[in-house]
Structure formats: C-alpha cells, structure tokens
Amino acid sequence: MPQPADDYTVDELISVCIARQLEDGEIVAQGLATPLVVAGYLLAKLTHAPNLRFASAIGQAICEDWAPLGLATIEKLWLGKALIGGGFVRAATEILPRFAPKEFFRPAQIDAQGNFNNIAIGKDYRKPYMRLPGTGGIPDVTTFSEHVYIYVPRHSKVTFVERVDFVSGLGHSPERRRGAGPRYCITDLGQFDWANGRMRLISYHRGVEPRRIQRRTGFELEIAPDVHETPPPTEEEVRLLREEIDPLGIRRLEMLGGTARKELIRTILEREGVL
Amino acid sequence: MQEAIAEYVRDGMSVAIEGFTAFICFAAGHEIIRQRRRDLTLIRMTPDLIYDQMIAAGVARKMIFSYLGNPGVGSLHCVRRAVEKGIPAPLEIEEYSHYGMVGRYTAGAMKLPFFPLRSYLGSDMPQVNERIRTVESPYGDGPIAVVPPLNPDVAIIHAQRADVQGNTQLWGLLGIQKEAAFAARKVIVVVEEIVDEAVIRADPNRTLIPGLIVDAVVHEPYGAHPSYVQGYYDRDNLFYLNWDKISRDQGQTEAWLEEWVYGLKNRAEYIQKLGEETLERLRPGAAPASPIDYGAYT
Chain A
125 MPQPADDYTV DELISVCIAR QLEDGEIVAQ GLATPLVVAG YLLAKLTHAP
175 NLRFASAIGQ AICEDWAPLG LATIEKLWLG KALIGGGFVR AATEILPRFA
225 PKEFFRPAQI DAQGNFNNIA IGKDYRKPYM RLPGTGGIPD VTTFSEHVYI
275 YVPRHSKVTF VERVDFVSGL GHSPERRRGA GPRYCITDLG QFDWANGRMR
325 LISYHRGVEP RRIQRRTGFE LEIAPDVHET PPPTEEEVRL LREEIDPLGI
375 RRLEMLGGTA RKELIRTILE REGVL
Chain B
230 MQEAIAEYVR DGMSVAIEGF TAFICFAAGH EIIRQRRRDL TLIRMTPDLI
280 YDQMIAAGVA RKMIFSYLGN PGVGSLHCVR RAVEKGIPAP LEIEEYSHYG
330 MVGRYTAGAM KLPFFPLRSY LGSDMPQVNE RIRTVESPYG DGPIAVVPPL
380 NPDVAIIHAQ RADVQGNTQL WGLLGIQKEA AFAARKVIVV VEEIVDEAVI
430 RADPNRTLIP GLIVDAVVHE PYGAHPSYVQ GYYDRDNLFY LNWDKISRDQ
480 GQTEAWLEEW VYGLKNRAEY IQKLGEETLE RLRPGAAPAS PIDYGAYT
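As they're listed, the protein sequences go chains A and B.
For the first sequence, the working numbering assigns the number 125 to the initial residue and increments by one for each residue that follows.
For the second sequence, the working numbering assigns the number 230 to the initial residue and increments by one for each residue that follows.
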C-alpha cells in the first residue's frame with residue numbers, strides 16, 4: 125500500500141489531483157506559465173501514466189520525453205525533447221484537431237455553468253476595469269472539446285462569480301453545439317465536477333470546511349451526496365514533486381501574486397544561476 | 230535597419246513583428262520608436278515586451294492579437310495602461326483566439342475571402358469583435374465561425390540566417406512567421422548571419438521564406454535581445470523580470486526608452502551598452518542536428 129503523506133502543501137495537493145485526472149496513453153496539452161499543471165502531468169507520467177504524451181500549442185510540438193520544470197529554460201521540454209516542432213499553423217490545424225488533447229485552463233472568472241473569462245473584467249469592453257491577457261486557444265478548444273478541465277490556485281469570489289463579464293471559454297451552456305463543458309475543477313480548497321451542469325463540490329481539502337468553500341464562492345454550490353475529504357498525496361508523490369519534477373518549487377509561483385510572486389521568481393532565477 | 234524602417238514603415242501602416250517567445254525583433258521595434266512613427270496598427274498573435282515598449286512610446290493606434298503577456302512574469306503594464314486609462318494614448322484592440330489569428334494570416338496568404346473555424350460559437354468573442362462572424366456551412370453542418378484575411382502592410386521576421394537575396398532559414402519555434410510573410414505586402418527579414426547562397430541551397434527544406442517575397446534584408450546580430458534566437462543566444466530572463474518593475478510606471482518607462490532607444494543611434498550601440506558580460510551570460514550550449522545527405526544532382 126502506498127504510504128499517505130502527512131507533510132504536503134496545497135500546491136503539491138493540486139498537482140497530485142491534476143495527475144490523478146490523467147490516464148495512461150493520453151495526450152495532454154498545456155499553456156504557458158502553468159507550472160502546477162505541468163508538475164501534475166509529469167507526476168502522472170512518473171507514476172501511473174508512463175505513456176502520457178504532451179502536445180502543445182506553446183511549444184508547437186509533441187513530446188514523449190520529459191524534463192524537470194525550469195523558469196530560465198521554460199521551453200526546455202519543448203525545445204529539447206520534441207519529436208516534432210511544427211509551428212503555430214500545424215499546432216492549430218493538425219495537432220490540436222487530430223488529438224483533441226485534454227487540457228487544464230486557469231480562468232480569471234468562472235460561473236456555476238463553467239463559462240469562463242480571460243478577456244477583461246468590467247462591463248465596458250472598450251474601457252475595462254482590468255484588461256486580461258486574452259483568450260489564446262480557449263474559444264478554439266472549449267467550443268468542441270470533450271476534455272476541458274479547470275484549475276484555480278486561489279479560490280475566491282473574485283474568480284467564482286454569478287455572471288462572468290465576457291464568455292471566452294464555453295461552459296455547460298445551451299449555446300453549445302459540440303463537445304462538453306468543463307468536467308472537473310481543482311482549487312486550493314477542494315475538487316468539483318459539473319455532474320448536473322452546475323458546479324458541484326465533490327471533496328474538500330484537509331482542514332477546509334465546506335461552509336468556507338461556499339462563503340468564498342459567488343454562487344450557490346451543489347454538494348455531492350458523498351462529499352468527502354480529498355485523499356492526500358502519497359509520500360512517493362510528494363517526493364517525486366520535490367526531488368525529481370520541480371526541485372526549484374516553480375509550481376508555487378501560481379499560488380502567489382504581486383510582490384511575493386516577483387520575489388520568488390527572483391529567488392528561482394538565482395538558484396538557476398541566471399542572476 | 231534605419232534604411233529599411235524609413236523606406237517600408239510609414240505612419241498609419243499595419244505592421245506585424247511576429248515570433249513566439251523567440252525571434253522577436255526588438256531591434257526593428259526600437260528603430261520604429263526612434264523614427265517616431267505614429268498611428269501604427271500592431272499585429273501579433275502573442276504581443277510581449279516590444280509591443281509594450283512601442284505602445285508606451287506612442288507609436289500605435291491599434292493592436293490585433295490573441296494573447297498578451299510578459300512570458301512567465303505577468304501582465305504587460307503599458308498595454309494595460311493604454312487600454313484601461315488611455316495613457317499615453319487610447320489603444321483600440323481587435324482580439325481573436327490563437328486559431329483565429331492563424332486563420333486570418335493563412336487566409337491572407339492564400340488570398341481567401343475568409344477562414345472557417347470550429348471556434349467561438351456560443352462564446353462572447355463575436356460580441357467583442359464584430360469581424361468574427363458566422364456563416365451557414367454549404368455542406369449542411371450548421372453554422373460555422375469565420376474570420377477575415379489579414380494582410381499586414383509590413384511583416385518583420387527575425388531569423389538565424391539568410392543570403393543577400395533574403396532566402397531565409399529559421400529553425401526552432403517556427404511560430405507563424407512564414408504565413409505572416411506570405412500574407413504581408415512588404416517583408417523585412419532581419420538575421421543573425423548573412424550566408425552565401427550555397428549554404429541555403431545545400432539545405433533548402435530549412436528555407437522558411439523565399440527571397441522572392443523579401444523586400445529588405447537586415448544583418449543585425451543580437452537583434453532579438455532580450456528574446457532569444459535558438460543556437461545563437463538565450464533569453465535574457467533578468468530583463469523580462471526587470472521590465473515588470475520599469476513598465477508599471479509611465480515615467481520610468483519613458484526614462485528607459487530615453488536611455489536605451491532614443492539615446493542610442495542604432496542596435497550596435499545598444500549591444501555595446503549591453504556589454505560583453507551579458508552576451509557571455511546568454512551564450513547557449515551546442516546541440517547540433519545530425520547532417521543529412523540530400524544526394525548529389527550536379
């Protein structure tokens with residue numbers, strides 16, 4: 125029996141939960157600057173899914189081999205390990221339609237139906253309160269994929285809202301013609317699904333009261349009848365994350381904002397010998 | 230570079246300086262700032278620091294894109310300041326998804342009236358951008374989203390090497406440079422090395438852009454710093470991190486532009502100012518591909 129870990133952090137738990145959503149032999153895709161997701165993918169590859177393949181619009185490549193997370197060498201996986209590196213057109217017209225890879229998205233806002241927004245915050249598109257990075261591949265994938273997964277490192281009412289300002293990622297919406305809305309969501313508080321087309325709590329993390337999750341969500345959550353505590357990582361999973369996959373702790377960048385995040389970036393770059 | 234920008238980039242034009250995290254021609258962007266172009270429409274799938282700098286310098290009226298960011302670091306503060314607060318000038322934006330931009334360039338290069346995509350349906354993208362439209366598939370598959378062709382007035386492409394005719398070879402992250410070049414009315418190629426035509430002919434599969442569509446070839450070593458050129462120099466991560474701080478404030482940004490763009494005559498002065506130590510820090514290790522045999526047909 126694998127030994128459950130006692131000593132683990134929430135970023136490690138998120139990566140472990142992401143890994144557990146993957147199956148051996150699958151093809152997964154990833155965006156830029158998503159180290160929690162990459163750490164989860166690599167953890168799956170080193171445990172139950174050795175035949176996991178990586179397809180990326182970012183690296184515009186397909187890889188089978190892996191490399192530990194880096195910040196200075198963020199493209200190491202794609203530039204150093206690619207089997208094919210074909211450019212944006214081949215990524216969009218060949219790789220993504222052919223493989224329809226599973227992908228984890230990080231929304232700036234998401235509603236109960238799983239519609240999400242990475243366009244802008246505010247009602248006036250021409251003069252938004254906050255301009256977001258933009259949609260990237262989100263309206264390309266979410267309109268026809270069956271494999272949209274969500275992660276939110278910092279669960280709050282800022283992200284989980286009654287109504288998103290702009291829909292870039294299509295959820296469980298009557299407007300949908302193909303594919304399906306998000307299947308799963310992991311946050312720093314719990315795990316969720318959309319079993320009935322509305323976001324539903326399926327497990328809460330160690331030390332987190334379900335009531336607190338509801339208080340930090342801007343709409344009424346459904347609760348699964350068998351809601352339970354999230355199974356902890358195993359000792360081996362934590363060891364792999366800390367020692368093999370991400371010894372620099374790059375995954376923790378996604379848990380932080382503002383100055384703390386910039387300081388951690390600086391520390392990591394120093395450890396990588398770049399500064 | 231001075232000549233190429235003066236000749237081909239005029240006020241009011243649409244300009245695509247393409248490249249995805251690598252091969253981003255900062256040298257051309259800086260020259261455009263130095264020549265004080267105005268009212269440009271900047272086009273790129275993934276705008277990053279060079280467009281942030283150009284927008285802070287006031288060269289742009291509009292930007293067409295699919296994803297913005299300081300890669301791995303965070304927001305583009307100058308773009309946000311222009312969009313949210315109109316500083317230093319309001320910036321009109323026209324946004325697509327990645328596939329939407331791929332479709333636009335491809336339709337532009339292929340001279341098609343539009344490009345159909347499985348994207349957008351049900352999302353708010355057609356509401357925020359009226360150029361994203363829907364047609365009924367003539368083959369009975371229901372509605373499908375379409376985007377219009379994109380034909381920039383000028384495309385500026387940075388690559389490893391070209392010959393003097395502009396036959397350009399690029400390897401690594403290919404991005405959308407080839408399609409942008411074929412879609413554009415004028416093409417400026419900027420390279421790390423000018424090589425003999427025989428070098429190009431020895432490996433024609435690596436030629437991304439034929440000299441036939443190239444209007445100007447610029448030899449500008451380190452022209453993509455602080456981004457990288459695979460096999461020539463690595464990304465200057467320290468610069469990306471520092472830019473986050475500088476760019477938060479319009480005054481600091483302008484001071485930086487004064488020091489590193491307006492205050493210098495050309496790229497050679499920039500590289501000199503950057504210093505040997507920085508260039509040494511960015512020197513990459515070697516990873517040559519195995520040579521292949523094309524066979525002799527002479």
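Every residue gets a Cβ at the ideal spot worked out from N, C-alpha and C, and that includes glycine.
Would you report the Cα separation of residue i and residue j, rounded to the nearest angstrom?
i: K474 (chain B); j: G287 (chain B); result: 20 angstroms
i: M274 (chain B); j: S297 (chain A); result: 28 angstroms
i: S476 (chain B); j: W489 (chain B); result: 14 angstroms
i: P128 (chain A); j: L167 (chain A); result: 16 angstroms
i: T250 (chain B); j: S456 (chain B); result: 6 angstroms
i: I234 (chain B); j: E449 (chain B); result: 13 angstroms
i: I142 (chain A); j: P355 (chain A); result: 13 angstroms
i: A518 (chain B); j: D130 (chain A); result: 47 angstroms
i: D281 (chain B); j: R255 (chain A); result: 14 angstroms
i: T400 (chain A); j: M125 (chain A); result: Past the edges of chain A, shown from 125 to 399, lies residue 400 (chain A), and the structure says nothing about it.
i: Q394 (chain B); j: T436 (chain B); result: 12 angstroms
i: R360 (chain B); j: F344 (chain B); result: 12 angstroms
i: Y253 (chain A); j: R362 (chain B); result: 27 angstroms
i: E509 (chain B); j: Y308 (chain A); result: 46 angstroms
i: E360 (chain A); j: E136 (chain A); result: 12 angstroms
i: A374 (chain B); j: Y249 (chain A); result: 21 angstroms
i: M230 (chain B); j: G238 (chain A); result: 49 angstroms
Can you look up residue i in the DSSP assignment and give me helix, strand or coil?
i: F343 (chain A); result: coil
i: Q398 (chain B); result: strand
i: E321 (chain B); result: strand
i: A256 (chain B); result: helix
i: P174 (chain A); result: coil
i: I236 (chain A); result: The residue asked about is misnamed: residue 236 (chain A) is Ala in this sequence, not Ile. Coil.
i: Y368 (chain B); result: coil
i: Q459 (chain B); result: coil
i: M230 (chain B); result: coil
i: A168 (chain A); result: helix
i: P345 (chain B); result: strand
i: M330 (chain B); result: helix
i: M242 (chain B); result: coil
Is the CB of residue i under 9 angstroms away from at least one CB in chain A?
i: P377 (chain B); result: no
i: Y325 (chain B); result: yes
i: G301 (chain B); result: yes
i: P372 (chain B); result: yes
i: A516 (chain B); result: yes
i: L503 (chain B); result: no
i: S476 (chain B); result: no
i: L467 (chain B); result: yes
i: S295 (chain B); result: yes
i: L346 (chain B); result: yes
i: L470 (chain B); result: yes
i: F411 (chain B); result: no
i: V331 (chain B); result: yes
i: D281 (chain B); result: no
Under the assumption that residue i contacts residue j (Cβ atoms under 8 angstroms), give the Cβ distance between them as a whole number of angstroms.
i: N466 (chain B); j: V162 (chain A); result: Incorrect: roughly 18 angstroms between the Cβ atoms, too far for contact.
i: L393 (chain A); j: L470 (chain B); result: 7 angstroms
i: A153 (chain A); j: P225 (chain A); result: 4 angstroms
i: S352 (chain B); j: V291 (chain A); result: 5 angstroms
i: A179 (chain A); j: F229 (chain A); result: That pair is no contact at about 15 angstroms.
Give a yes or no on whether the minimum CB-CB distance between residue i and chain B is below 9 angstroms.
i: T259 (chain A); result: yes
i: A157 (chain A); result: yes
i: Y253 (chain A); result: yes
i: V162 (chain A); result: no
i: W202 (chain A); result: yes
i: P371 (chain A); result: no
i: R230 (chain A); result: no
i: V398 (chain A); result: yes
i: G407 (chain A); result: Only positions 125 to 399 of chain A appear in this structure, which leaves residue 407 (chain A) out of reach.
Quick check: is the beta carbon of residue i nearer than 9 angstroms to any beta carbon in chain D?
i: I405 (chain B); result: In the structure shown, chain D cannot be found, because the protein chains are A and B.
Three-pair Cβ contact test at 8 angstroms for the region 350-367 of chain A versus the region 456-463 of chain B: no
Three-pair Cβ contact test at 8 angstroms for the region 358-369 of chain B versus the region 381-390 of chain B: no
Segment contact, 8 angstroms Cβ cut-off, at least three pairs: the region 338-348 of chain A with the region 321-330 of chain A: yes
Contact between the region 291-303 of chain B and the region 418-434 of chain B (3+ Cβ pairs under 8 angstroms): Taking 8 angstroms as the limit for Cβ pairs, the verdict is that the region 418-434 of chain B does not touch the region 291-303 of chain B.
At least 3 beta-carbon pairs within less than 8 angstroms: the region 398-415 of chain B vs the region 335-343 of chain B: yes
Stretch-stretch touch, CB-based, cutoff 8 angstroms, three pairs: the region 384-400 of chain B with the region 331-342 of chain A: no
Stretch pair the region 204-214 of chain A + the region 264-280 of chain A: three plus CB contacts closer than 8 angstroms: In this structure the region 204-214 of chain A does not touch the region 264-280 of chain A; the number of beta carbon pairs closer than 8 angstroms is below three.
Segment contact flag, the region 251-263 of chain B with the region 307-325 of chain B, C-beta cutoff 8 angstroms, min 3 pairs: Contact fails: fewer than three Cβ-Cβ distances are below 8 angstroms.
Three or more C-beta pairs below 8 angstroms linking the region 214-226 of chain A and the region 320-334 of chain B: yes
The region 283-291 of chain A contacting the region 226-241 of chain A, beta-carbon criterion three pairs below 8 angstroms: Yes, the region 283-291 of chain A touches the region 226-241 of chain A.
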